[in-house]
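In this note's numbering, the protein residues as written are -13 to 346.
Note that beta-carbon positions come from the ideal geometry of N, C-alpha and C, so glycine has one too.
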């Protein structure tokens, strides 16, 4: 009997040791979203796009479930927003998106060189409560130079030439004209192929400005557009660069119909028979500098024949500006000319003729 009682007491003791003291009850989550910390603002023309990461957690580490409205707040020419009393716009907080964005317009009457807007975002729960405003960003609203009409695009043998009419404005802001290009159907992003700093004066008179692209590739289709970018500092000390205005994209097919330059400086010199070699006439001329040059064709006729009787001596273009003619007869005088041809078969006019006599 004593043995059974001892065993029972031991078991009871172990059970009591396993029992913990219950802790204090945890308060329920207030379900306040963590304030947005990565708000970004990008100005393009008279529009500002705001983007931010949608909160997924509450201030106490729980999952943000009961989502309400996201409010975009703004103040003009003030460095900070204290509270979002009158939201610029309100939108439902997305449930299935990692980021949110909204585009807002710049007030047309805030175009002075020192004008700016401060933006912030506030995310409420379904009861209209929040943990405060996001980080705050500032965007300049000053009016800058404008592009008048559509740029004129012209294809030349050396470059794509783009002429843009610009009305300069706001000389207190650094501004740059950019020529942007993208390949139609290509995967590469749009790139800047030319830049030019705008000369800003108080006169504000419109002027034509040229931008050049000499890096294009023949037989490709491109889209070009011109943009004016501006850079200025806002009161928080940050340097903000933005697209002040951009033209509509214009398509250009870079089709090469331009022949190379006509060769010049053609000379012909008879070289007598050397041991083991036949007599020959050596031709030389000034090299052509066209970047897509494929080579040269050489033409010849007898002196007593008209120029129209000239025949082409080489079926394939020679690469170097020289030719060694061994198919000659003693006592004859030969007249030569040369043309240049590019990689797409565009051929220049024939050069000025030169002649050389083969001695008897």
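| field | 7 Å Cβ cutoff met for residue 320 and residue 286 | value | yes
| At a cut of 8 Å, does the region 213 to 231 reach the region 291 to 305 through at least three beta carbon pairs? | no
| By DSSP, does residue 296 sit in helix, in strand, or in coil? | coil
| field | Secondary structure, beta strand (DSSP E): runs of 3+ residues fully inside the region 210 to 248 | value | 225 to 232 and 236 to 239
| query | So is residue 62 buried or exposed if we call it buried at 16+ other beta carbons inside 10 Å? | reply | exposed
| said: Let's see if you can read the secondary structure: which residues bound the beta strand (DSSP E) around residue 256? | reply: 253 to 257
| request: Starting from the N-terminal side, write out each stretch of the beta strand (DSSP E) that is 3 residues or longer and does not extend beyond the region 134 to 187. | output: With a minimum length of 3 residues, the continuous beta strand (DSSP E) runs that stay inside the region 134 to 187 are 146 to 153, 160 to 169 and 177 to 183.
| field | Coarse secondary structure for residue 197, derived from DSSP in three states | value | Note: residue 197 maps to strand in three-state DSSP.
| field | Closest residue to residue 422 among 136, 158 and 124 (Cα-Cα distance) | value | Here the chain has residues from -13 to 346 only, and residue 422 is not among them.
| query | Is it buried or exposed for residue 234, if we count other Cβ within 10 angstroms and need 16 for buried? | reply | exposed
| said: Please report the straight-line C-alpha distance between residue 340 and residue 253, rounded to a whole angstrom. | reply: 6 Å
| Which value, in whole angstroms, describes the spacing of the CA atoms of residue 21 and residue 174? | 36 Å
| Opposite residue 124 in the DSSP bridges: which residues? | 104
| query | Are the CB atoms of residue 386 and residue 17 nearer to each other than 7 Å? | reply | An answer regarding residue 386 cannot be provided, because it is not within the stretch -13 to 346 covered by the chain.
| Coil, strand or helix - residue 334 by DSSP | coil
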